[in-house]
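For the sequence shown, the positions run 1158 to 1299 when the working numbering is used.
The beta carbon of each residue, even a glycine, is placed where N, CA and C say it ideally should be.
Just so you know, these numbers come straight off a predicted model, no measurement behind them.
Note sheet for the following structure.
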Amino acid sequence: MRTERTIRTCPVRMKFTCPRTWEGLQPTANPDVRHCAHCNEDVHFCRTDEETLRHARAGHCIAREEPHPDELPNLMLGRPEAPLVITPEQKKASARNVREMGITDALDNARFEGARDCPRCGYPVPSFRKTCYVCAFELGRG
């Protein structure tokens, strides 16, 4: 599956999602850390949920892989002549994309007072949510 590495949890609050990519950052001595000249922050590449949570809780900028948009099923409007066929690879990319969006939402909502950790996946869940953004575990409202 083709992926791209996106930057998340940048402490410099912007009115838009960081447009930079991992490949566009300056390499450092550590292959899993690159430097962003725009915000003058190091960005940590996270391969696992544990790394993601550790760096996000430490306030670091992070990068994670997510499916490249070309890997996802096409959105079509209208009435096709033949049923749309979604490949197994597209289904897998869609599921991964939904999970990565959940991780981004979970990390973004960690700043709310009363956020608690999901007992299944460990990602933060704000008190106003009944279910975890990442794994859909039902915690109830906090």
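Item to complete: With DSSP collapsed to three states, give me the class of THR1205.
Response: coil
Fill in: Straight-line gap, LEU1264 to PHE1202 (C-alpha atoms, nearest Å)
15 Å
Discussion item. Using a 10 Å radius around the Cβ and a threshold of 16 neighbouring Cβ atoms, would you call ARG1286 buried or exposed?
Written reply: buried
Discussion item. Could you tell me the alpha carbon to alpha carbon distance between VAL1282 and ARG1256, rounded to whole angstroms?
Written reply: Taking the straight line joining both Cα atoms gives about 14 Å.
Worksheet entry | Three-state secondary structure (DSSP) of THR1261 | DSSP places THR1261 in helix when its eight states are reduced to three.
Discussion item. Going by the DSSP bridge assignment, what does THR1288 pair with across the sheet?
Written reply: GLU1295
Discussion item. Tell me which residues share the same chain as MET1171 and place their Cβ nearer than 8 Å to its Cβ, disregarding the 5 neighbours each side in the sequence.
Written reply: Reliability of the predicted coordinates at MET1171 is poor, the pLDDT of 39 falling under 50, and no value is obtained from them.
Discussion item. Quick check on HIS1212: does DSSP put it in helix, strand or coil?
Written reply: Looking at HIS1212 - three-state DSSP - the assignment turns out to be helix.
Discussion item. Let me check one thing: in DSSP terms, what residues is VAL1242 bridge-paired to?
Written reply: For VAL1242, which the question treats as bridged, DSSP gives no partner whatsoever.
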